[in-house]
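Structure record follows, encoded as structure tokens.
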Amino acid sequence: ARLLNPLIPEKEIMIDLDDSGPLDPMPVTCEFQHDVGTSVTRVHHANENPTLVKGYQEPGSYVRPIIYPAYREQFDELVDRSYACEQNIKWECMAARLLSEAGGNDPLKQTWGWWVGRTNLNMHYWGGSSPGSRKCQCALKNECRGQNPHCNCDAAQMADDVSDEGLITQKEHLPVMVLRFGDTGTFSQNKWGKHTLGPLRCTGDNLFDNVVTFRKADATIEFESFDAATSGDIRLQFKTTTENGIILQNT
7 ARLLNPLIPE
17 KEIMIDLDDS
27 GPLDPMPVTC
37 EFQHDVGTSV
47 TRVHHANENP
57 TLVKGYQEPG
67 SYVRPIIYPA
77 YREQFDELVD
87 RSYACEQNIK
97 WECMAARLLS
107 EAGGNDPLKQ
117 TWGWWVGRTN
127 LNMHYWGGSS
137 PGSRKCQCAL
147 KNECRGQNPH
157 CNCDAAQMAD
167 DVSDEGLITQ
177 KEHLPVMVLR
187 FGDTGTFSQN
197 KWGKHTLGPL
207 RCTGDNLFDN
217 VVTFRKADAT
227 IEFESFDAAT
237 SGDIRLQFKT
247 TTENGIILQN
257 T
């Protein structure tokens, strides 16, 4: 798509990840980085605007499913084929804790907030930190508010300029499917949180890793028998200055 659109920065298109396979085409935004010759595939969702959370005190009692224009199997194909994927996540807070110990007996509710990834598991880490760490990005450099060991928001400060933000880059967990939060008090208390989740962004396609250069006019590649039962797909992408030639030959 980038080569067909050399003058525009991005374009919304439909992509079919498995051609004639069972997966439906899905809408994406192609972000063209012409200066470095690459593209970014963005998958947007219906919950990207900052969203206020208030009146949910129990750990994870606020539940926000993230609505994408794609389903699990499509994400499996897109993310697994990409070189890298990322998604920005942010929690702004007024005395609303995030990843500190919630004090409950339920092992699935260890922290006040968490998110659920593509594998349907609760993730108790934030963007910019490592899986299972129960930390935000600031904790990796011991730079969190109030010297908190987890996140800025876990200092529970009564200030409206506190937030934790970072990129989730673990492909196997992406995209974020559900957001869960608590510790936002009652509606009468001056406690609240606000979540912002960016689109899924993926780069590269390992489907085209097997590149072959022919240096002789009669060079060939011999493949094993193509067993496709009643139907199948063969993908070829090639660049040549030769006007005539044989691409596939059944022997």
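Each step along the sequence shown adds one to the number in the working numbering, with nothing skipped, and position 57 is 63. Idealized CB from N, CA, C, for every residue including glycine.
Using three-state DSSP, classify residue i as helix, strand or coil.
i: G172; result: strand
i: K200; result: strand
i: L58; result: strand
i: E107; result: strand
i: H156; result: coil
i: K141; result: coil
i: A161; result: helix
i: E178; result: helix
i: L213; result: helix
i: K147; result: helix
Is the Cβ-Cβ distance between residue i and residue j less than 8 Å?
i: L58; j: K197; result: no
i: I21; j: P31; result: yes
i: A76; j: A162; result: no
i: G172; j: G119; result: no
i: C150; j: L104; result: no
i: T209; j: Y74; result: no
i: K115; j: G66; result: yes
i: Q80; j: I174; result: no
i: F193; j: G61; result: yes
Out of curiosity, what's the CA-to-CA distance linking residue i and residue j?
i: T35; j: L23; result: 14 Å
i: K17; j: V217; result: 27 Å
i: Y131; j: L180; result: 13 Å
i: L127; j: T117; result: 14 Å
i: D311; j: V69; result: The displayed coordinates of the chain run from 7 to 257. Any statement about residue 311 would go beyond what the structure contains.
i: G43; j: E64; result: 48 Å
i: G191; j: M164; result: 13 Å
i: L203; j: R186; result: 12 Å
i: R48; j: T257; result: 42 Å
i: L84; j: Q39; result: 19 Å
i: S45; j: L206; result: 14 Å
i: P33; j: I19; result: 6 Å
i: A145; j: S139; result: 10 Å
i: V168; j: R124; result: 28 Å
i: N250; j: E228; result: 20 Å
i: I14; j: R78; result: 30 Å
i: T219; j: I72; result: 44 Å
Is residue i near the ligand COA, with its Cβ less than 7 Å from a heavy atom?
i: Q153; result: The model on display carries no ligand, and the ligand COA is accordingly not part of it.
Give me the DSSP bridge partner(s) of residue i.
i: E16; result: E37
i: M129; result: W121
i: C208; result: T47, C91
i: I21; result: M32
Just reading off the beta strand (DSSP E) that residue i is part of, what are its end residues?
i: F81; result: First-last for F81: 78 to 87, but that is the alpha helix (DSSP H), not the beta strand (DSSP E).
i: A90; result: 90 to 100
i: F229; result: Element bounds for F229: n/a, residue is neither H nor E.
i: V184; result: 184 to 187
i: P71; result: 68 to 71
When you compare the CB of residue i with every CB in chain B, is at least one pair closer than 8 Å?
i: Q116; result: Of the chains in the structure shown, none is chain B; there is only one protein chain.
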